[in-house]
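Everything in the sequence shown is counted per the working numbering, starting at 33 for the first residue and increasing by one.
What follows is a short report on a single structure.
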Amino acid sequence: MIWHVFRLMLPSGWLSSVGLYCVHLVSLLLCLSALPSVSLGLTPECKEYLKDVAQSSSGFEVCALLCARPFRVCSSCFDDYAFAHNMFVNLKSGRGQVEKNCSEDLVSGDRVSIINRAFTYVTETWESGNCDNCLVVSKSDDIVHFKVAEFAKEFQTRAEQVFKCIDSHIKNESRICTDCLSSFSNLSNFYHGLVKKYEEKLCMDIIDIMNTTRVKWSDYGCSHVYGLEPEVCLYAWAMVIITIVFYFFARFSQKPRDAEILEGRTMREHISKMSVDSNSFRDQQELIPHLQPLFTIS
């Protein structure tokens, strides 16, 4: 029943293997919480806490699935992640009377460790998107709170300006590349600044927005408008210069060798010709005595 509820909530085609994994994991958590207390040896308060853990985990996982395309997990699901994260941390550390009483039974009470698996999945999903790098993180004793960073809001605003400019020129697409170039350049320059700062740890929300904007920009044939990076131009010119230098070096370094080969070949041909002429002259000298009787007048 739980599986069918999640399936109806998700758009068609979004049920990837990861999605199936998290849905099944949440289903197991909810099934555990629905079992009679006697069979698990849980007190009523631990059973209720287990339900809260399942709901916190499922809240983030459903949000992550619904925000997977376009990718807005970091900016849209940070409250759900904080709630799930803090719930797991309190349970594992035994903070509070309820958590302390239920920690051992819920966290280490079975070999399958479903609760630990759920916590690992939530954490890995969050960290794989580098979500902390587009949020302001407040952390105290492993309890976290988030809010969207100002630079992320600024980036979102600049991206919206590009899309608004493009949408306003739908009836005159030939002007998009010219009239919207300023907005696109502002967004692109801002993005490159973030890339230099965070390198490969840039928040996935921002990367996805930039990729989507570039695709839309190129759809109107504007890809040639924004210039190359200075580093790319430098590398290109360096390769051209190196190629030219190598060509001239190879050309002139081979010239003496070619001349030597040609000179040697000419000398051999000259000697060979002299040898042929010498043999011909010798043959003529040997032939004269034999011809003299023929010309003698009797």
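Even for Gly, the Cβ is constructed at its ideal location relative to N, Cα and C.
CA-CA distance, cysteine 197 to leucine 138, rounds to 54 Å. In the three-state reduction of the DSSP assignment, leucine 219 falls in the helix class. Out of Phe120, Phe187 and Val180, the CA that lies nearest to the CA of aspartate 173 is found in Phe120. Comparing alpha carbon positions, the residue from Ser255, Met236, Ile146 and His201 closest to serine 217 is Ser255. Under the three-state reduction of DSSP, serine 255 is assigned to coil, being neither helix nor strand. Cysteine 134 and glycine 128 have their C-alpha atoms roughly 10 Å apart. Of all C-beta pairs linking the stretch 217-232 to the stretch 177-191, three or more are shorter than 8 Å, placing the two stretches in contact.
A straight-line Cα-Cα distance of about 8 Å links isoleucine 241 and proline 102.
The stretch 105-116 and the stretch 158-170 touch, with three or more beta-carbon pairs separated by less than 8 Å. The stretch 143-157 and the stretch 79-93 touch, with no fewer than 3 CB-CB distances between them shorter than 8 Å.
In terms of Cβ geometry, glutamate 131 and asparagine 118 do not form a close pair [threshold 7 Å]. Judged by beta-carbon spacing, valine 169 lies beyond the 7 Å limit of alanine 114, meaning their Cβ atoms are not closer than that value. Take arginine 246, set aside five residues on each side of it, and no residue of its chain has a beta-carbon closer than 6 Å to its own. With contacts defined as CB atoms closer than 7 Å, isoleucine 202 and tyrosine 252 fail to qualify as a contacting pair.
Note that the C-beta distance between glutamine 193 and serine 214 is not below 7 Å.
The Cβ neighbour count for cysteine 265, taken over all protein chains shown within 10 Å, is under 16; the residue is labelled exposed. Counting along the chain, histidine 177 sits inside the beta strand (DSSP E) bounded by residues 175-180. The straight-line gap separating the alpha-carbon atoms of tyrosine 230 and valine 180 is approximately 16 Å. Linking alanine 116 to phenylalanine 183 through their CA atoms gives a straight-line distance of about 26 Å. The shortest CA-to-CA distance from glutamate 205 to any of Lys248, Glu77, Gly126 and Glu232 is the one to Lys248.
Here aspartate 199 is exposed, its C-beta having fewer than 16 other C-beta atoms within 10 Å. Restricting attention to Ser88, Ser250 and Val227, the CA atom closest to the CA of cysteine 212 is found in Ser250. Residue nearest to isoleucine 239 within the set Thr152, Phe151 and Gly161 is Gly161 (criterion: CA-CA distance).
DSSP, reduced to helix, strand and coil, places leucine 167 within a strand of the structure shown. An exposed status is given to phenylalanine 278, since fewer than 16 other beta-carbon atoms sit within 10 Å of its beta-carbon.
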